[in-house]
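Have a look at the structure below, then the notes.
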Amino acid sequence: MKRIYVKEEWCLGCHLCEYECAFANSGIADMVKALKGKTIHPNVHVEDCGDIHFAVNCRHCKDPICVHSCISGALTKGEDGVVRIDRDKCVGCLTCVLVCPYGAVLPAPDGHAAMKCALCTDNGRGEPNCVKYCPNGAIVFEEREAAE
Amino acid sequence: MKKYDYILIGNSTASVAAIEGIRSVDPRGSILVVGDEERFVYGRPLISYYLLGATDERRMDYRPRSFYEDNGAELRLGVRAERIDPAAKTVTFADGSAAKYGRLLVATGSRPFDPPMEGIESVPHRFHFMKMADALALEKYLSPAARVLIVGAGLIGLKCFEGIADRVGSVAVVDLAGRVLPSILDETGAAMVQRKLEEHGATFYLSDSVARFDKDTATLRSGKRIEFDILVTAVGVQPNTELVKDVGGEVARGIVTDACGRTSIPDVYAAGDCAESFDIASGTRRILALLPNAYFQGHCAGVNMAGGSERFDNAAPFNAIGFFGMHVLTAGVYEGEAYVEKGEKTYKALFCKDDLLKGFILIDLPERAGVYTAMLRERIPLSQVDAESLKRSPGWNAFPAEMRKARFTKEV
Amino acid sequence: MLQREGEIRNPSGCAVTGVIDRSGKKMTGESMIEAIAVMHDRSNGLGGGFAGYGIYPHYKDFYAFHLFYETQKAQEETEAFIRRHFEIVYSSEIQTRKLPTVKNEPVIFRYFLAPLPRKLANSHLDEREYVARCVIRINAETTGAYVFSSGKNMGIFKGVGYPEDIGRFYRLEEYEGYAWTCHGRYPTNTPGWWGGAHPFGLLDLSVVHNGEISSYDANRRYMEMFGYRCTLQTDTEVITYIVDYLHRRKGLTLQEVSRVIAASFWSTIARKEEPARSQETLLRRMFPSLLVTGPFSIIVGFEGGLLALGDRLKLRSMVCAEKGDKAYISSEESAIRKIEPSLDKIYAPAGGEPVIYELYGRRS
Amino acid sequence: MDLYIRPDYEVVRNTDRCIACRVCERQCANEVHTFDPETGKMRADESKCVNCHRCVSLCPTHALKIVKTDNTYRENANWSAQTINEVYRQANTGGVLLSSMGNPKPFPVFWDKMLLNASQVTNPPIDPLREPMETQLWLGKRTAKIERDEKGLLKDTLAPQLKLSVPILFSAMSYGSISYNAHESLARAAEELGTYYNTGEGGLHRDFYRYGKNTIVQVASGRFGVHKEYLETAAAIEIKMGQGAKPGIGGHLPGAKISADVSETRMIPQGVDAISPAPHHDIYSIEDLKQLVDSLKEATEHKKPIIVKIAAVHNAAAIASGIARSGADIIAIDGFRGGTGAAPTRIRDNVGIPIEMALAQIDARLRDEGIRDEVSILVGGSIRSSADVVKAIALGADACYIGTAALLALGCHLCRSCHTGKCNWGIATQRPDLVKRLNPDLAYKRLVNLVSAWKHEIEEIMGGMGINSLEALRGNRLMLRGIGLTDTELRLLGIRYAGESL
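Protein chains in written order, with my numbering: chain A, 443 to 590; chain B, 182 to 593; chain C, 721 to 1084; chain D, 10 to 511.
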């Protein structure tokens, strides 16, 4: 399946993806209205290390430990391969946060659930917004072969 | 007598995982699932959230209602397995019926264990807190005036407290241990949790225990007396190992299995709270009565039952538990050199030994905790990463570029 | 005020036709007149002309110059120039027939010339180059004089009027040649000038052309590096010079010349077999500025044959036909049918594909 | 903050739109933007702003714009604010003023005073979507003897030529003046487009030897990075005698731009200023040039065309004639609007002549002398569009060098601050954190897009003229008409005035 990958040699650490993610998932059509004066809670976050930067999103693992660990059945891996969280079922125990090796499942700001990237399949964007707006092509959405 | 390729005894996480494991290998083999609860499968830990109002009976379904049908599994609820006959490869149920199996999974879970307590039979409203039936029974007696006594300040007792705190008049918690959650928290962490619970009305009687019950009064060893209307005992659990033990299968504290989920009896597998795992953090074989662990065990057993190949050999204890918005994430064992960051409302303790992260406690620092879990479960040597950076903040920026490349540039 | 050829560039649309008897048997100009008359509507009365090959058998070793003179002075100056460079073997006014439709004719003279041997030797030039330079010089430098035919044993006859009238005017039914070409003109922005009519000739080359080339100035500016002066600013003139340059001076075959002028597209060349692929690539690399683009179909007359060539997109019509020893080329089939109703073969050559008809035994 | 010189620009932030994401702060190498934690708002120090638009482009809410300041001196038609500021600047520093990119002064642009022809009625336009339209060409000498082998086939007696699929090449920009990623982008684009890029005088990085067949290597007065393998790797060798942005001036690459990689590539010490002299010290005359041409041909076994690049100066036609007779295969002429990584401002803005005039005169001169086939003519120095390319070719050029347009495609915003080495777009810099802002995977495609777009436009324009091959356009000055030009300008350009018929 197509997944989001970051090319760390091209990630500038501008953090635009975080804002674009927060915007895409805000449900508000205007970015200013969506984000102004607010602390953002994006599903992607950029890790910095000196001049090295890289954005981390959910990897939509083939064998998703977050799904397996979920106590309520709120996390599922769809037939499209997308790992999604059903907020309605989630009780916010954060077991998924505890087990995700990438730190890509995050506590939702309201504290009552976890949240994660669903490749913008759930917000009407059609394509991942972080990929679309990365100014340097550092985040890509593509098929790749499996790791060993 | 009907024959099934697979019979799964027990209908909770391990069993569901086993179905998913079996179906990942064998799309067609016949499956029978029997469960003694008359309830569609649900996440057991959700019962406290149910009382809390964070979920409801509908939303508690662990899988969609069509799960068994979709997976071609026959589900029989309210049925208990009485015994197995490994030679004939049959299971006999409480109603006298029997079925033949090709491969059998014992996922019988555990049951509450109450040590002998004097006068307990005089208590009119006493409850356990392990199953939905327990929660529903308890719920009937909850009232704003009710006084509750919880014996046991472990995970079950305290989650029960969270569930009922706002629905009853007062709650007293008694535990023999000197701190709350003694199995998963150190003193600092326990004190923080205790304070949080006290803010929500809990009264703790620690390093103490009930000497005697007399209807609505408990007298503690310290001599203190607690009057109560409702008693919840959450002292311990006991694995349901009898099916295996009775026919000579190897059982220690729980049913003994190998890394593929096989018991010592041919074609009989075990998973979930009735079975032991090898805990890589402590280096010992023990029961890890945790939902994710049940899933991993069940899935592994299912795959192997269906002729596939999977090993579950990195079990470790890890807990995500929340109380009134406070998130406590823990894993492993607390041995070795400690790295501690104590904030006003946060707490981080990392325990390192033999170049490995052995365990951690994170209170209200949940972000990217999974990176620590990965260090622990995958036994990544600290010397391979920027340990200081990692301790300060969990992130892949502490990993060398080639490790990131291996993990981030391909499908995982 | 309207300007005439040479003062401004003058493209035009037209009709062309040609015939050759490959056995060398002679025909009068009559059939050409009949053929071109059929395509009357492709001309507008502003120019017509003919070239006949093998028409001066008695003077075949001498350069036959045909000149227009507009003034007495021009004739005097020109004849003085000619005398300085040539021995005049014979000269006379060309006999014409007065026609009401052909007006304002200049004085038209014919000379049979041999280069003065001493002058030629001193010039260190090849004889034909010597003659060509003299022609170019008269045309570029002498006002009111124009050499419109300069080959051996061939002649160009042209003027302002419909081509069939021009043919009668020059009494071409009285000339006999083994090959003829003719041209009816439809110039678009001048009244037509006698010198500007077709065919255009240099030495024994004659060109009739239908079209308007878009590469003109690229071709012209390139050719002018080599001593040619495009005084008429017509397509026919520059095409004639290109053929002269590549064929006579550079020694390319007419086939090769065609591959320069109407080069195959690179994509076509890439699909060709060797050696055509490398040969055509080489020609395009050597003479890129002589690629002619835009619509054209031309008939090049040369000693011993005719070459028909159209642009590589075939933007102008052109058909070829054969009947016995005779071969025909024409803008329209009707012109050929008029003079030879039953043909052995008739076809339309592809754009850029040269068709060469020659006297038997001759190889260009 | 300078006491005398006020900032040229103001950074205008629409606070209603700003969400304080701090992208502007992270992306400005000039440190214009800062976040004020107390107010939670962004601040700007416009005295540091070079107006490169990096922040404007990346601001996700379009909250930023950079405007020319309306702070004015007392109006003076003679002493413009810029002139006054330059005096202040020199009074401050005592130094030569430095600038980058091309001449920004309002000199006439003759490309914009020439109009193109199209076919109507008498001659059909050609539809490039239906008919082949050839933009392929060969650069080099076209003088060849006609010789035949025993089968009568023509022998290839041509000197080596360069094959191009479009009449556009990327002009010389050195590694050092521009970044590794910029070079990689140019090299990859040249390869995909079937054309060439030019190393400039900075040598050729080892990583780019693989693009050798699309590389023109330069031999300049500093001889930086010139060695046998460098010459052998290239498709052609360019001797740089001059540059349009700074005729008569050598080069100066500040030590700050000489990273380890640049140092190795140039074969010079790291961190020390690299000075290329004004003249080649082995070329003080045209016959010396011929010797260098011959030497380079000998060194590469006569397998590669030699280009001689000169700045367009007053005597360009005569110089070109000399070069055409020196054995060089191609002359590159760089007009006075051409770009640079750094030049003295007064030189850039006042020396040289427009490329249009130089080209027209050189082409005419070479034809007059009958030696146009001795050389191909490459022109550069502000070729801004496909229309400029078509006009240049109609005037007589074989092909065009584009530099500034290529940089624009890479993201350059023409802030003309290359000499500071802090290019926020990752182009004219060697700072690793800035260099990585130019991702060649994206950037090379932008170059390919640009040139492909121009190619399509050239095809359309040619088709309209009824021309289906570039060869028939070259020197076809009848396709041009002047507008708003004096008789002298028309004469020098060799074209007629608009409205004059064929």
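Beta carbons are placed, not taken as given, at the ideal position from N, Cα and C, and that holds for glycine. From a predicted model like this one, the values you see are computed outputs, not experimental measurements.
Expected contact under 8 Å - CB spacing of residue i and residue j to nearest Å
{"i": "V484/B", "j": "S196/B", "result": "14 Å between Cβ atoms; not a contact."}
{"i": "S330/D", "j": "R376/D", "result": "No, S330/D and R376/D are not in contact; Cβ-Cβ is about 11 Å, not under 8 Å."}
{"i": "M241/B", "j": "L258/B", "result": "Incorrect: roughly 15 Å between the Cβ atoms, too far for contact."}
{"i": "C37/D", "j": "C64/D", "result": "6 Å"}
{"i": "V582/A", "j": "Y447/A", "result": "5 Å"}
{"i": "A452/D", "j": "P176/D", "result": "Their Cβ separation, rounded to whole angstroms, is 22 Å, which puts A452/D and P176/D out of contact at 8 Å."}
{"i": "K122/D", "j": "G491/D", "result": "6 Å"}
Closer than 8 Å to chain A by CB, residue i
{"i": "D270/D", "result": "no"}
{"i": "V593/B", "result": "yes"}
{"i": "I187/D", "result": "no"}
{"i": "T590/B", "result": "yes"}
{"i": "D447/B", "result": "As written in the sequence, residue 447/B is Pro, which differs from the Asp given in the question. Cβ-Cβ to chain A under 8 Å: no for P447/B."}
{"i": "L456/D", "result": "no"}
{"i": "N433/D", "result": "no"}
Within chain D, partners of residue i - CB distance below 8 Å
{"i": "Y936/C", "result": "N485 and L487"}
{"i": "L1002/C", "result": "L163, D165 and L167"}
{"i": "C456/A", "result": "V32, R35, Q36 and L67"}
Test: residue i CB closer than 8 Å to a CB of chain D
{"i": "E1078/C", "result": "no"}
{"i": "Y461/A", "result": "yes"}
{"i": "M721/C", "result": "Unreliable positioning characterises M721/C in this predicted model, as indicated by a pLDDT of 43, which lies under 50. The coordinate reading is nonetheless provided below. No - not a single Cβ of chain D is within 8 Å of the one on M721/C."}
Residue i: contacting residues in chain A (beta-carbon distance under 8 Å)
{"i": "G506/B", "result": "G553"}
Neighbouring residues, chain D, relative to residue i (Cβ below 9 Å)
{"i": "L1035/C", "result": "N132, P133, I135 and G475"}
For residue i, three-class secondary structure by DSSP
{"i": "R969/C", "result": "helix"}
{"i": "E289/D", "result": "Glu is not the amino acid found at residue 289/D; the sequence shown has His there. It is coil, neither helix nor strand."}
{"i": "K122/D", "result": "helix"}
{"i": "E825/C", "result": "coil"}
{"i": "I753/C", "result": "helix"}
{"i": "M557/A", "result": "strand"}
{"i": "N223/D", "result": "helix"}
{"i": "W147/D", "result": "strand"}
{"i": "M721/C", "result": "Below a pLDDT of 50, predicted positions are generally treated as unreliable, and M721/C, at 43, falls in that range; the measurement from the model is reported next regardless. Here M721/C sits in coil by DSSP."}
{"i": "K1058/C", "result": "helix"}
{"i": "S304/D", "result": "helix"}
{"i": "F1007/C", "result": "coil"}
{"i": "V963/C", "result": "helix"}
{"i": "T92/D", "result": "helix"}
Cutoff 8 Å: residue i Cβ touching any chain C Cβ
{"i": "A524/D", "result": "No answer is possible for residue 524/D: it lies beyond the span of chain D, which begins at 10 and ends at 511."}
{"i": "I155/D", "result": "yes"}
Residue i: contacting residues in chain D (beta-carbon distance under 7 Å)
{"i": "K478/A", "result": "I28"}
{"i": "W986/C", "result": "E143 and Q145"}
Closer than 8 Å at the beta carbon, the chain C residues around residue i
{"i": "G379/D", "result": "M945 and F946"}
Per-residue contacts from residue i into chain B (C-beta, under 8 Å)
{"i": "R586/A", "result": "T590, K591 and E592"}
Please determine if the region 831-848 of chain C and the region 801-808 of chain C are in contact, where contact requires at least 3 C-beta pairs separated by less than 8 Å. At 8 Å Cβ cutoff, the stretches touch.
Inter-stretch contact at 8 Å, needing at least 3 Cβ pairs: the region 752-769 of chain C / the region 891-908 of chain C: Yes, they touch.
Three Cβ pairs or more, each shorter than 8 Å: is that satisfied between the region 277-294 of chain D and the region 223-231 of chain D? yes
Can we say the region 543-557 of chain B touches the region 568-588 of chain A, given the rule of at least three CB pairs closer than 8 Å? Look at the beta carbons and you see the region 543-557 of chain B not touching the region 568-588 of chain A: under three pairs across the two are nearer than 8 Å.
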